[in-house]
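**Student:** Residue numbers (the working numbering), protein chains in the order written: chain F, 404 to 727; chain H, 755 to 1064; chain Y, 3 to 540; chain U, 3 to 369. All C-beta atoms, glycine included, are put in the ideal place defined by N, C-alpha and C.
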Amino acid sequence: MTDTWLLAVLTLDATIRVAAPLILAAMAGLFSERSGIVDIGLEGKMLAGAFAAAATAAVTGSAWLGLAVAIAVSSSLALLHGLACITYRGNQVVSGVAINVLVAGLTVVLGIAWFDQGGQTPPLSQAARFAPIKLPFADALHDIPWLGDLYHELISGHNLLVYVALAAVPATWWVVYRTRFGLRLRAVGETPAAVDTAGVSVELLRYRAVLITGMLCGIAGAYLSIGQSAGFVRDMTAGKGYIALAALIFGKWRPVPALLACLLFGFLDAVATRLQGIELPGIGQAPVALIQALPYALTVILLAGFIGKAVAPKAIGVPYVKER
Amino acid sequence: AEIEPAVVFDMGGKFDKSFNEGVYNGVEKFKAETGIKYREFEVTNETQREQALARMASKGADPVLGVGFAQAPAIEKVAKDHPKTRFAIIDAVVDLPNVRSVVFKEQEGSFLVGVLAAMASKTGKVGFVGGMDIPLIRRFACGYVQGVKHAKADAEVYQNMTGTTPSAWNDPTKGGELARSQFDRGADVVYAAAGGTGLGVYQAAADSGKLAIGVDSNQNYLHPGTMLTSMLKRVDVAAYKAFMDAKSGDFKTGVQVLGLAEGGIDWALDEHNKKLITADMKAAVEKAKAGIVDGSIKVHDYMADNSCPG
Amino acid sequence: MTDGIGAGSASGDRARPAPVVSRGTGMDAVPAIELIGISKRFGPVHANRDVSMTVAAGAIHGIVGENGAGKSTLMSILYGFYEADSGEIRIDGKPVAIHDAADAIACGVGMVHQHFMLVPTFTVLENVMLGAEGAMLLAKGRTAARAELERLERDYGLKVDPDALVGDLPVGLQQRVEILKALYRGARILILDEPTGVLTPQETDRLFEILRSLKDEGVTVILITHKLREILAVTDTVSVMRRGEMVAHRPTAETSREELAELMVGRKVLLQVDKAPATPGTPVLEVEDLRIIDADGITRVDGLSFTVAAGEIVGLAGVSGNGQSELLEALAGIRPIAGGRIRIGDLEITPGRPTDPRTVRAAGVGHVPEDRHRMGMVMPFEAAESAILGRHDSAAYNGRWLMDYDAVHANCAAKMKAFDVRPTEPHLRGSLFSGGNQQKLVLARELDGAPKLLLIGQPTRGVDIGAIEFIHRQLVAMRDAGAAILLVSVELDEIMSLADRILAVCGGRLVGELPADQADERTLGLMMANVTLEEMRS
Amino acid sequence: MNRDLPRWIDVGVIPAVNILLAFLVAGLVVLVAGENPFDALSVLVIGAVGYEEAIGYTLYYATNLVFTGLAVAVAFHAGLFNIGGEGQAYIGGLGAGLAALSLDGTLPAWMLIPIAMAASGLFGAAWALLPGWLQAHRGSHVVITTIMFNFLASALMVHLMVNVLIHPGQMSPESRVFAETAWMPFLHEMLAGVGITIARSPLNLSILWAAVACVFVWLLINRTRWGYAIRTVGANESAAVYGGIDPKLVIVGTMCISGALAGFVGINELLGVHHRLLLNFTAGYGFTGIAVALMGRGHPVGIVLASLLFGALYQGGTELDFEFEGITRDLVVVIQGLVILFSGALAYMMHPLALRLWQRFRPEGGR
Ligand SMILES: Nc1ncnc2c1ncn2[C@@H]1O[C@H](COP(=O)(O)OP(=O)(O)OP(=O)(O)O)[C@@H](O)[C@H]1O
Ligand SMILES: Nc1ncnc2c1ncn2[C@@H]1O[C@H](COP(=O)(O)OP(=O)(O)OP(=O)(O)O)[C@@H](O)[C@H]1O
Ligand SMILES: [Mg+2]
Ligand SMILES: [Mg+2]
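Given below as structure tokens:
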């Protein structure tokens, strides 16, 4: 029984680890998309952040510097996206795709030029990473039945950025629903003209939104390369940006549902991992590919069955032009 | 005249820390020793394999080395078109008069590290992380399982494959998660045959204080203290020899099957892992090795009948 | 482009002007607004050409002009939404530089736009606060805003539930929110662009009361409208624009509808529809006990029965949101019905036998939708393509596989000529035509092929009087040719002058029926408020 | 966008300047990588279009991109963002492969090839059908479902190739080679048949099919009532309903057409080049198709031009990789990204400047 419980707790633990970058990226996307700027480029910004973090950490040996540079690099890409979409009113999807492609190539080119390891950064020492944090009393409380495991395994023992990811959700919620900036943000994604006629600059507002997106993506990237792993390898985001985007849409562009969607993706992934090779009653050992397809198939089913129509912010994807 | 060797790496890229990198190390060694430069190319899509090989051949390169089973059809075509050029392919058999095919008995090496894994495990549970669910990887897994059971009949082996897209070979985060999922279920030694993905597996083992087993190249140095050993597949030697033989004029074509007996497959013991390998373990593994070499231990090859016993 | 506005103000005077001293007095006082030589181009279009205008403080000033005359553009410049290419703006006698809406707000200018600038997913309170939240955190500003809203409600009688979602409000209330927004920002000058286009007579009367009380408080009001009756009713002075130029200024007391109409259009306009009495034939449309329930489960039409016969125009009068829109859509086959029966010629529609717009159209029905932007046209399409919407399958436009675009264009050009759509350019994008011309195009399409039954919603919304005259003449001609016409309009004037019979609806039910010659505004207004004829008599 | 600029500047000069800018920045990256940008550029250009074989490869890559680009564009006209081109191409290839494998022993080429082509279209369409249906009837966002279907497609393919279709006794998960009756003729072979010799390349008859597809898409979208319906649904769904068009039907139908177009990649890759079923032959063409469609502004002519540009980059990039020590395949990806950035996302960046220059220097007239 307790073994099963422990396994369940550990599965949830894995869920959180897997979901953390998705959560950060989904919150990132939320700011941009709520302001009316489509962001297919979450993937690229995350990848750039991952590379910047690992490269900096490898050179300086400091995880914190790595994080800072990741945020800076990802933010500059976000500003580039802003320049293309807000100032020059380019196609937002194209801009996002451009950033993804550019970063996929550039990280490797620079990686080879700087480290000469085929685009990888050197493996990082413990000090250059965000190590797991043991929360107070984690060991002392470990022996309490049920809750001890829960606290020790699930709540304690993650690296700092996991907690940042989890904190990002209430923070996002608070900013979006409780602050002046949030009010304007929500308005500019629905009816930019209303914001404009209210005497607030649509462009500035959107720039600020994409900047926040960039910062959060940078953290997500740093999580991948100097939190969860110990170095950068090419294309290490492996589609997480797209999954985060899917979670955002799944969550109808709202922080808490988006969080739940990320956790769901993480959970399905964690469960599928654990189902590989296990004899299923009645079926026998399911083909590996079937198990691997499970999270994606379930997402489609859930989407079709339970989630109503996702209504995007109305002005999304449309450059704001006064003189129509 | 001096030979003009060329190598075409496969999609993992020459710095994949395992298979392709092994070849890279081999040809680099050749370059360092002979001072002869070689041409190289890393393919990125299916079509480029043939294009690259043909290009090398028509530019006068000889011999041309193809890395990985996926290049077999391309080599076959190009070798037919360039009967004067000598080709070598690693991990596949191409039956042409001007092609040297080098294949390895990965199952044997996997068997050995399986033995080590079973002995090092305190829980009696060990893990395997493969890249993609393809025959070659199943061969690794199958040999490994046999080795584990050989040393500890009641041991359990968890197997995971990383994914279904090419990124499965290059997804260390996923690899780390897979390893952790096996640790969660009680495994304390994990063997990875997944290219770059393996890096995440080893890292996860290092982070959780469990043991990991490297593959292809000697990866013990990556995490001294938690890398139990590495299953060596001497593609570096195969590559080196292909070039060297061509240089010295005794490049033989035909199939070379390299196993423990031929020294093409081995396990790694060096300063990074010698603390982890007890005398018992060393004895057991050497015994198994001898048994395999002399035929008293038969390691089943998955590819022989597409199935794995037990 | 060129040196913005405010040549006179060296340093872009952004300070808020001193409070108006002279309140609503004579012409001798400093005018609240002076626009001097304003010009604005949109690409090749000269929307404003050297326009000048003066509005006295505390006055209600009207602006009239045809569609596309440049009224909205001029006001948008005053509000900082567009920047003029050249010209000067003075407020309270002082030159000001207005580069954006924030400048305008700082100068005490507020504007209620023709198309509302509201966030439909926000509450009234949030909409009012937007851009003037007061503090970083909303909670604080919210309390303050609530108090201020209450004050405005008291002072001006502007009542709205601050916590209602704007998207759920009827347009009349939405407009009130717009006015509240302006006042909340301390507007001393309020611009209203076609505010009455979407209002019922009662709502319009309420609005005018509000405008008058604003005037009493010293607020200067500029009112753009196509309805000359309203100009005469509420304004003090009026300016007329034509083709981007200012053509006349008049004190309202010294002018007349006829003069204004002529100034606007440049020719004499018939303000009254003259039509012969109807000679109704057999019923074409029969509606029996119809019930419609919308997607949210609300009953929109509740047991409605009526008929429309060939050769008559039946007007459906009602405050908007009382089921007329749903009724029209159901009759057109767009919306399923929940109960009852509809018969159009041989076509019978019941809940068990639903239909679709194609079938209905094939049965000889033309449908001019209430909202040309949402349904009537596809704005990014070229006009010719919008002109075949719903008929794109017809053999006239199709070969065996491919469409015959020559026919499509030729047909559109013919329609444009027949309905005087300007410019006569079938290749031009639909969105580039003015509202009136878009409306004429939709009408041309739906009147094509002599439909047996015409369903018409708000045929002249936002359309200038020249076009209105034309559209009304077309409808009467259709009727005389034997078509059955069901006319839904919030414009009582329009219904009374066009319809032969008038049905009043309220809450999805029929309140009563009147022959047009017995209808007057008061009776109809009461009926629309659910007072039956019997109740009126007793 | 700009009514004041003459067309030749708008669609001629400005895009050229944008591409120039992209290459300028790419040149800087080459410099960082330690090579001479001018040498690199000349290798890139010559490698892409400098000799027959290169042109063949460029056109062969472009063929794939035309299919996926058209697929994205068609869906876009209906307001649908089909990210699933990759999966649809994959499954389309499966269709072509299954047809070839099961019929190549019995049918002559003139029957087999059309059947295999049809199968690729049908399978691709089928893979897009469900996302389309879910969007139309359940409101599931097609962006998410098509992403998921990409993953599902690759899982399905790995399973089939490893467990079912693999040619026994070989390492790689590949089917047996099709009989020659299922081979789409190579262009160099066809021309050799009529006495013209050109260099060998993977270029095959599929390119004609791509041309047919372009014409088909243009006619469909711009000259048929179905295209009219597709565009109406894309531009204004309630207007479509008003006009008697059933958006659900249009959405499902459009997704199927889109999926079929993407599925045709299978013709070029499997029937045309590899002549067997294998893994990962789609190589990202589905994703590049998004960029192609958007840069081509959804118009077949634009898509062809964008495909040629990207095809040239693929091929010229391979050449770069061959020729330079310091340049790897990744630099080519960078150049692609820059091209998408400058001539796609920042396409309007030059407009204000161009407008100012034009107004100052235009031949005659003026205000
Ligand atoms: N945003 C815009 N972009 C381009 N041209 C515009 C724009 N707005 C207006 N125009 C042009 O300016 C002219 C004047 O438009 P404006 O909206 O000021 O007319 P209006 O008098 O308000 O008309 P209506 O009575 O229909 O509201 C139009 O005919 C149109 O050609
Ligand atoms: N994209 C555009 N480019 C040029 N002119 C435009 C554009 N959009 C609108 N206009 C012009 O702006 C003017 C006002 O536009 P608007 O949409 O307000 O039309 P309208 O006549 O007021 O119709 P409605 O009453 O239906 O809103 C119209 O004359 C129209 O020609
Ligand atoms: Mg207007
Ligand atoms: Mg108007």
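#1: Count the other C-beta atoms from every protein chain shown that fall within 10 angstroms of the C-beta of W129 of chain U, then say buried if there are 16 or more, exposed otherwise.
#2: Assign H195 of chain Y to one of three DSSP states: helix, strand, or coil.
#3: The beta strand (DSSP E) spanning W220 of chain U covers which residue range?
#4: Taking Cβ to Cβ, would you say T616 of chain F is nearer than 7 Å to A481 of chain F?
#5: So for G28 of chain Y, helix, strand or coil by DSSP?
#6: Once DSSP output is grouped into helix, strand and coil, what is the label at E272 of chain Y?
#7: Does ligand 1 have a heavy atom nearer than 6 Å to the CB of N69 of chain Y?
#8: For chain U, check one thing: does any of its Cβ atoms lie closer than 7 Å to the Cβ of Q695 of chain F?
#9: Does the Cβ-Cβ distance between P722 of chain F and R492 of chain F come in under 7 Å?
#10: So M77 of chain Y and I224 of chain Y are in contact, right, with Cβ under 8 Å, and what is the actual spacing, rounded?
#11: With a floor of 4 residues, list each alpha helix (DSSP H) that falls wholly inside the region 240–308 of chain U, ordered by position along the chain.
#12: What residues of chain Y sit near A241 of chain U, judged by a beta carbon separation below 8 Å?
#13: If I follow the unbroken beta strand (DSSP E) through R293 of chain Y, where does it start and stop?
#14: How about L807 of chain H: is its C-beta nearer than 7 Å to some C-beta of chain U?
#15: Tell me which residues share the same chain as V217 of chain U and place their Cβ nearer than 7 Å to its Cβ, disregarding the 5 neighbours each side in the sequence.
#16: What did DSSP end up calling R402 of chain Y once you bin it into helix, strand or coil?
#17: Is K73 of chain Y near ligand 1, going by C-beta to nearest heavy atom under 6 Å?
#18: Give every residue of the same chain whose Cβ lies closer than 8 Å to the Cβ of M29 of chain Y, excluding the five residues on either side of it in the sequence, and list them in chain order.
#19: What does E387 of chain Y touch in chain U if you count any residue whose Cβ is under 9 Å from its own?
#20: Keeping to the same chain, check which residues put their C-beta closer than 6 Å to that of R463 of chain Y; ignore five residues upstream and five downstream.
#21: Mapping DSSP to helix, strand and coil, what is I426 of chain F?
#22: Where does I470 of chain Y land, buried or exposed, given buried means 16+ other C-beta within 10 angstroms?
#23: Give me the Cα-Cα distance between G459 of chain Y and G917 of chain H, rounded to the nearest whole angstrom.
#24: Using the Cα positions of E830 of chain H and F312 of chain U, report the straight-line distance between them to the nearest angstrom.
#25: Starting from R299 of chain U, find everything on chain Y with Cβ-Cβ shorter than 8 Å and list it in chain order.
#26: Distance cutoff 7 Å, beta carbons only. Does V636 of chain F sit that close to anything in chain H?
#27: Chain F partners of G133 of chain Y, CB-CB under 8 Å?
#28: Is D701 of chain F near L671 of chain F, with beta carbons less than 7 Å apart?
#29: Tell me where the alpha helix (DSSP H) around C508 of chain Y begins and ends.
#30: Provide the residue span of the beta strand (DSSP E) that contains K859 of chain H, from first to last.
#31: Return the bridge partner residues of Q679 of chain F from the DSSP annotation.
#32: Can G268 of chain Y be considered in contact with ligand 1, in the sense that its beta carbon sits closer than 6 Å to one or more heavy atoms?
#33: Pick helix, strand or coil for E180 of chain Y, following the three-state DSSP scheme.
#34: Classify Y912 of chain H as helix, strand or coil using the three-state DSSP reduction.
#35: Within 7 Å (strictly less), CB to CB, does R358 of chain U reach chain F?
#36: Can you give the Cα-Cα distance for Y350 of chain U and N413 of chain Y, rounded to whole angstroms?
**Tutor:** Quick answer:
#1: buried
#2: Correcting the residue identity first, residue 195 of chain Y is Asp in this sequence and not His. In this structure, D195 of chain Y counts as strand in the three-state DSSP scheme.
#3: Not the beta strand (DSSP E): W220 of chain U falls in the alpha helix (DSSP H), residues 208–225.
#4: yes
#5: With a pLDDT of only 45 at G28 of chain Y, under 50, the local geometry of the prediction cannot be trusted, and no value is derived from it.
#6: The question names Glu, but residue 272 of chain Y is Leu in the sequence shown. The answer is coil: DSSP assigns L272 of chain Y none of H, G, I, E or B.
#7: yes
#8: yes
#9: yes
#10: 7 Å
#11: 249–265, 287–297
#12: R376, M377, G378, M379, V380, L391
#13: 285–295
#14: no
#15: none
#16: coil
#17: yes
#18: Caution is warranted here: a pLDDT of 48 is assigned to M29 of chain Y, below 50, making its placement in the model unreliable, and the coordinate value is therefore given only provisionally. Excluding sequence neighbours, M29 of chain Y sits near A58.
#19: Y230, R233, T234
#20: G199
#21: helix
#22: buried
#23: 58 Å
#24: 29 Å
#25: Residues of chain Y passing the Cβ test: none, with the nearest at roughly 13 Å.
#26: yes
#27: R587, V598, A601, G602, V603
#28: Residue 701 of chain F is actually Leu in this sequence, not Asp. A contact, by the Cβ cut-off of 7 Å.
#29: Note, C508 of chain Y: premise wrong, no alpha helix (DSSP H); beta strand (DSSP E) at 503–508.
#30: Neither: K859 of chain H is in no beta strand (DSSP E) and is coded neither H nor E.
#31: None, per the DSSP bridge assignment.
#32: no
#33: helix
#34: strand
#35: no
#36: 36 Å
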